[in-house]
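Counting the sequence shown from 1 gives a position; the numbering used here is that position plus 47. Each residue gets a CB set at the ideal place from its N, CA and C atoms; glycine is no exception. None of the values given here were measured: they were computed from a predicted structure. Remarks on the structure that follows.
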Amino acid sequence: MAKLFPTVPGPIGVFDSGYGGLTILSKIREVLPGYDYVYLGDNARTPYGSRSFEIVYEFTLQAVTKLFEMGCHLVILACNTASAKALRSIQTNDLPHLDPARRVLGVIRPTVECIGDITLSRHIGVLATAGTIRSESYPLEVHKLFPDIRVTGQACPMWVPLVENNEAQGEGADYFVRHYIDDLLGADPRIDTVILGCTHYPLLLPKIRKYMPPGIRIVAQGELVAGSLKDYLCRHPEMDMRCTRGGQCRYYTTEAEEKFCESASTFLNERIEVEQIEL
Ligand code: DGL
């Protein structure tokens, strides 16, 4: 049976397994400042990167349903792992009976769309969580648009913990940043473009730039996702009309409020108010 969600216009929902999606949210708000947003971080159950398909799907569906209950008609899965492991099933199997008029969009497609214009060697690399790499979602999406591009993935399991523990600028981070970059370029030395396929990695950018050989383009996804959302809303006026405009953002977490506020300031550079909820 279809669930009943609020039918009046509502904020745009942005979901992540934790704090990382705040890097995407801030770019979206820069490009589309007039809309209202709800950010939901499943901090109590993060990280998703090492979890199975079934669990990531179950957790993501719970979060999407909660955001619909909060009045969102459009939800962005800012998390690459959730986009890789849950988006397709939610779009195909769940939305039709949850509410066929609501939409859930991910971050992988908008990120790969620009790749064909950037790479000259037609060899690209993707740095992401183990779950995203194992899902093969990046090569699948790239090959739908650019079958001639060779994609090499490299899992970086230590990068999210470094960021989460506020060690992104510390000396210890250098070892793991260089280590995964060397592994990636060792696997395919012709790579000329590298996608940062994880919400947390923009916070490691200074060190990633330091160890990436000159001439390799680094593609971070925040601006791409924001631009793609703007384009989506222009192409879908019926959805645009269902998104409220007040320039406000509310934050929810499944973890303790104080913990979220403290760490979120690393990602946003500002203090925010947050409410704890259960999924
Ligand atoms: N948000 C996740 C992603 O973009 C990284 C953190 C996690 O593993 O949950 O893949």
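For C161, same chain residues with a beta-carbon under 8 Å away, outside a window of 5 residues either side, are V266 and L271 in chain order. Here V55 carries a coil assignment [DSSP, helix/strand/coil]. Note on geometry: alpha-carbon atoms of S310 and T128 lie some 20 Å from one another. Unbroken beta strand (DSSP E) runs of no fewer than 3 residues, entirely contained in the stretch 167–222, are found at 170–175 and 197–202, following chain order. Beta-carbon to beta-carbon, T301 and I324 are separated by about 7 Å, close enough to satisfy the 8 Å threshold.
If you look at E322, you'll find it isn't in any alpha helix (DSSP H); it sits in the beta strand (DSSP E) that goes V321 to Q323.
Within the same chain, Y258 come within 6 Å of R225 by CB-CB distance, once the 5 residues on both sides are set aside.
Counting other Cβ atoms within 10 Å of its Cβ, V241 reaches 16 or more and is therefore classed as buried. The beta carbons of G96 and T158 sit no closer together than 8 Å.
With a threshold of 7 Å, the Cβ atom of T179 counts as near the ligand DGL, since some heavy atom of the ligand is closer than that. Cβ contact annotation for G81 (same chain, cutoff 7 Å, sequence separation greater than five): R292 and G294, in chain order. Those residues that have a beta carbon less than 6 Å away from any non-hydrogen atom of the ligand DGL are, in order along the chain, D63, S64, G65, G67, T93, P94, Y95, G96, C126, N127, T128, T176, T179, V207, C245, T246 and H247. Residue D195 holds the alpha-carbon nearest to the alpha-carbon of D164 among R149, D195, E214 and C308. It is roughly 7 Å from the alpha-carbon of T54 to the alpha-carbon of G118.
Beta-bridge pairing by DSSP links C296 to Y84. Here N213 is exposed: its Cβ has fewer than 16 other Cβ atoms, across all protein chains shown, within 10 Å. The straight-line gap separating the alpha-carbon atoms of Y227 and V207 is approximately 13 Å. Secondary structure at G274: helix, using DSSP grouped into helix, strand and coil.
Per DSSP, reduced to three states, the secondary structure at L243 is strand.
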